[in-house]
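Be aware that the sequence shown starts at 3, since it is given in this note's numbering, and climbs by one per residue.
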Amino acid sequence: MSDPAFKAMSVEEYLRTEESSPFKREYVGGFAYPLHGTLHGQAGAKRPHTLISGRIFARLYDAAEQSGCRLYQSEMRLSIEGQTSYFYPDVMLVCLEESGDELAETSPCLLVEVLSPSTAAMDRVGKYHAYTAVPTLQTYLIVEQDERRVYAYHREGKAWRLEELASSGTIPLPCLGRSLSLDEIYDGVLA
Numbered sequence: 003m004s005d006p007a008f009k010a011m012s013v014e015e016y017l018r019t020e021e022s023s024p025f026k027r028e029y030v031g032g033f034a035y036p037l038h039g040t041l042h043g044q045a046g047a048k049r050p051h052t053l054i055s056g057r058i059f060a061r062l063y064d065a066a067e068q069s070g071c072r073l074y075q076s077e078m079r080l081s082i083e084g085q086t087s088y089f090y091p092d093v094m095l096v097c098l099e100e101s102g103d104e105l106a107e108t109s110p111c112l113l114v115e116v117l118s119p120s121t122a123a124m125d126r127v128g129k130y131h132a133y134t135a136v137p138t139l140q141t142y143l144i145v146e147q148d149e150r151r152v153y154a155y156h157r158e159g160k161a162w163r164l165e166e167l168a169s170s171g172t173i174p175l176p177c178l179g180r181s182l183s184l185d186e187i188y189d190g191v192l193a
């Protein structure tokens, strides 16, 4: 079996082959690359990564349902219009109309990435630039899995403000009208 390294391909080829791919791939700048650098895509995530993204999803689910929003955990693709980029955020909240594409959303108001050693640089730099260009996005969270630390980016007009929370604290989520605490994120994972 060949190594799932970066592979140049057209958008059309990526979309046509993604459903049958043996591993999840994201697409940026004409290249598809596997998540977590493994043949099994998300299966390469460590237990804390999976538990943390699950905690965030669970804590926000009821509020999302009551607000008429759609909350996704790692399986729904994000299509970034104008960039021809496709990602699988760890958690994505969409409160606007559906995109019309059964396999992708285009208008998130919250995106969350839980850092893994193999994805940290992309989450902090590449995805930050791609995600913050989405006009509907209000909050982007980068969550550490090995320590209680969250980097919360909040939209303020056309600018973005970084709030770093360590050990404790609360993150406002304006599109849900609620906040999320570090205790909720790390409950049962990190003391």
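From the three backbone atoms N, C-alpha and C, an ideal C-beta is built for every residue, glycine too.
Subject >> Contact the region 129 to 142 vs the region 73 to 87: 3+ CB pairs below 8 Å >> reply: Verdict: yes, contact present.
Original post:
Residue range of the beta strand (DSSP E) that Lys-119 falls in?
Top reply: As a position in the sequence shown, residue 119 is number 117, starting the count at 1. It should be noted that the sequence gives Pro, not Lys, for residue 119. Here Pro-119 belongs to no beta strand (DSSP E), and DSSP marks it neither H nor E.
Original post:
For Arg-49, which three-state DSSP category applies?
Top reply: By one-based count along the sequence shown, residue 49 stands at place 47. Of the three classes helix, strand and coil, the one that applies to Arg-49 here is helix, per DSSP.
Subject >> Separation of Gly-190 from Leu-105, as counted between CA atoms >> reply: Taking the sequence shown and counting its residues from 1, the one referred to as residue 105 is at position 103. Taking the sequence shown and counting its residues from 1, the one referred to as residue 190 is at position 188. So the two alpha carbons sit approximately 32 Å from each other.
Subject >> Helix, strand or coil at Val-127 according to DSSP, with G and I counted as helix >> reply: Taking the first residue of the sequence shown as position 1, residue 127 is located at position 125. Looking at Val-127 - three-state DSSP - the assignment turns out to be helix.
Original post:
Exposed or buried, which one is Ser-118 when buried takes at least 16 other CB atoms within 10 Å?
Top reply: Stepping through the sequence shown from its first residue, residue 118 is reached at position 116. Answer is buried; the Cβ neighbour count reaches 16.
**OP:** Pull up the distance between the alpha-carbon of His-156 and that of Leu-167, whole angstroms please.
**Re:** Reading the sequence shown from its first residue, position 154 is the one you call residue 156. Reading the sequence shown from its first residue, position 165 is the one you call residue 167. The alpha-carbon atoms of His-156 and Leu-167 are separated by roughly 13 Å.
Original post:
What three-state label does DSSP hand Glu-20 in the structure shown?
Top reply: For the purposes of this step, residue 20 is identified with residue 18 of the sequence shown, where counting begins at 1. Helix.
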